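See below for the structure under consideration.
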Amino acid sequence: LKPQRLEDFCEHPASGKGLRWCQHSFRKRLEDGGDVELSWRMKADPESILSLDTEAEQGVRVLKCDPGQLELELPVSHARHAAPGQ
């Protein structure tokens, strides 16, 4: 399975930004015959969330991850996530 962007699972906002409902359900039959099923739903602003697993393709890189420090390399397109208060 490849990580997917949160926006892919969110309703289209009426105003263009802000909180909206996001949800997804997934079901898979495993090779051993077992079944895996996962469903989730949340209200979030996907534009305010930086998903490190999906944005690597866009140039986002984790440079350092320690208990008290996270150092990222962000392209200009993602710089808003590093603004104070974000």
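Heads up, the sequence shown is in this note's numbering, so the first residue is 1 and it goes up one at a time.
All residues carry an ideal CB built from backbone N, CA and C; glycine is no exception.
Small disclaimer: the values here were computed from a predicted structure and weren't measured.
### Query
Count the other CB atoms within 10 Å of the CB of E55; is the residue buried (16 or more) or exposed (fewer)?
buried
### Query
What is the rounded straight-line gap between the Cα of A44 and the Cα of E7?
Roughly 10 Å separates the two Cα atoms.
### Message
Only counting the same chain, and skipping five residues up and downstream in sequence, which positions put a Cβ closer than 6 Å to that of C10?
### Response
R20, C22 and P46
### Task
Could you tell me the distance, in whole angstroms, from the CA atom of G59 to the CA atom of D35?
In this structure, the CA atom of G59 is about 35 Å from the CA atom of D35.
### Where Q58 falls: helix, strand or coil (DSSP)
helix
### Message
Rounded to the nearest angstrom, what separates A82 and G33 at their Cα positions?
### Response
If I take the Cα positions, the gap works out to 45 Å.
### Message
Tell me which residue opens and which closes the beta strand (DSSP E) that C10 is part of.
### Response
It is not in any beta strand (DSSP E) - C10 carries neither H nor E in the DSSP assignment.
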